[in-house]
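All remarks here apply to the structure that follows.
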Amino acid sequence: MAAQNRTALVLFSGGQDSTVCLAWALQRFARVETLGFDYGQRHRIELDCRLTVRQELARQFPQWAAKLGEDHVLDLSLLGQISACALTENRAIELEANGLPNTFVPGRNLLFLSFAATLAYRRGASVLVGGMCETDYSGYPDCRDNTLKALQVALSLGLDTPMTLETPLMFLTKGQTWALAHELGGEALNALIAEHTHTCYLGERGTRHPWGYGCGECPACQLRAAGHTHWLQHGGASA
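Its first residue numbered 49, the sequence shown is counted upward by one per residue in my numbering.
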């Protein structure tokens, strides 16, 4: 089925990466719905930012507004209860003995995509879009391309219908993600991302940096800031 006739479901957290993925999907598919998860994350403010980002995308990009369908939020609080990590508990962010940061929520993306596929099946969507990336990332094993390719096969078999997992940021650096946003929506989209999205692990929105709001110190903020600087140094416009 041609992309322009398909419905996509975007895993939409309200952060920079998922917002770029949402714009990417709106550029390609006939209808796009969004899905967020409340799993007890300490940066729960992202759930509030999601609604503003959707509203601003529809307002500023009328060519996408007609394609933007329903928003869904699923309660996965059980995941927060069993994860015991720095994204769900008030603890310092650090590396664990296994080499992974303690912001890793075991099984998070596997569960997210399984629930997303279930919802997509009911909503008539055949494409799942996620912002997973294995270039500039924290080493999360459930963000790797091989993991998601295997999951695509498992979901399609388990649902007995083709389910495509699209990860447009998989091999992009954060600087290239800013560039992709500019390609999709120009300066307006990058300004929207800087002003309205939320990526900071600590949920800090008191300080506005050139790249957006955040503590400026957590790994998510550092990646976002470094990517923005790299993009500007290579010909990007200011956000």
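Glycine residues also receive a C-beta, built at the ideal position from the N, C-alpha and C atoms.
(message) Bridge partners for residue 80 per DSSP, in chain order?
(response) Looking at the DSSP assignment, residue 80 forms a beta bridge with 56, 116.
(request) Look at the alpha carbon of residue 142 and the alpha carbon of residue 110, and state the distance between them as a whole number of angstroms. (result) Residue placement at residue 142 is flagged as unreliable, the pLDDT there being 43, under the threshold of 50; a coordinate-derived value is accordingly withheld.
(request) Could you check what DSSP says for residue 219 in three-state terms: helix, strand or coil? (result) Here residue 219 sits in coil by DSSP.
(message) By DSSP's criteria, residue 195 is part of a beta bridge. Which residues make up the other side?
(response) Under DSSP, residue 195 takes part in no beta bridge, so it has no partner.
(message) In whole angstroms, give me the CA-to-CA distance for residue 273 and residue 222.
(response) For the pair residue 273 and residue 222, the Cα-to-Cα distance works out to about 9 Å.
(request) Give the DSSP-derived three-state secondary structure of residue 271 in the structure shown. (result) If DSSP states are grouped into helix, strand and coil, residue 271 belongs with the helices.
(message) Quick check on residue 250: does DSSP put it in helix, strand or coil?
(response) Residue state, collapsed to three classes: coil.
(message) Taking the alpha helix (DSSP H) that residue 94 belongs to, which residues open and close that run?
(response) Where residue 94 is concerned, the enclosing alpha helix (DSSP H) stretches over 93-108.
(message) In this structure, how does DSSP classify residue 15 when only helix, strand and coil are distinguished?
(response) In this structure the chain extends from 49 to 287, so residue 15 is not present and cannot be described.
(request) Grab me the residues of residue 226's own chain with a C-beta within less than 7 Å of its C-beta, minus the 5 sequence neighbours each way, in chain order. (result) Cβ neighbours of residue 226 beyond the five flanking positions: 238, 275, 276, 279, 284.
(request) Reducing DSSP to helix, strand and coil, say where residue 282 ends up. (result) Shown here, residue 282 sits in coil according to DSSP, grouped into three states, outside any helix or strand.
(request) Rounded to whole angstroms, what's the CA-CA distance from residue 243 to residue 101? Just pull it up for me. (result) Near 9 Å, if we compare the C-alpha coordinates of residue 101 and residue 243.
(request) Report the option in 77, 56, 94 whose CA atom is closest to the CA atom of residue 250. (result) Selected option, being the one with the closest Cα: 94.
(message) Quick check on DSSP: helix, strand or coil for residue 225?
(response) In this structure, residue 225 counts as helix in the three-state DSSP scheme.
(request) Specify, as a first and last residue, the run of the beta strand (DSSP E) that residue 212 falls within. (result) First-last of the beta strand (DSSP E) with residue 212: 212-214.
(request) Hey, could you find the ends of the alpha helix (DSSP H) residue 162 is sitting in? (result) Secondary structure note for residue 162: its alpha helix (DSSP H) is the uninterrupted segment 156-171.
(message) Within a Cβ cutoff of 7 Å, which residues of the same chain sit near residue 123, ignoring the five residues on either side of it in sequence?
(response) Take residue 123, set aside five residues on each side of it, and the residues of its chain with a beta-carbon closer than 7 Å to its own are 86, in chain order.
(message) I'd like to check one pair, residue 62 with residue 84: are the Cβ atoms closer than 8 Å?
(response) Their beta carbons are under 8 Å apart, which means residue 84 touches residue 62 by this criterion.
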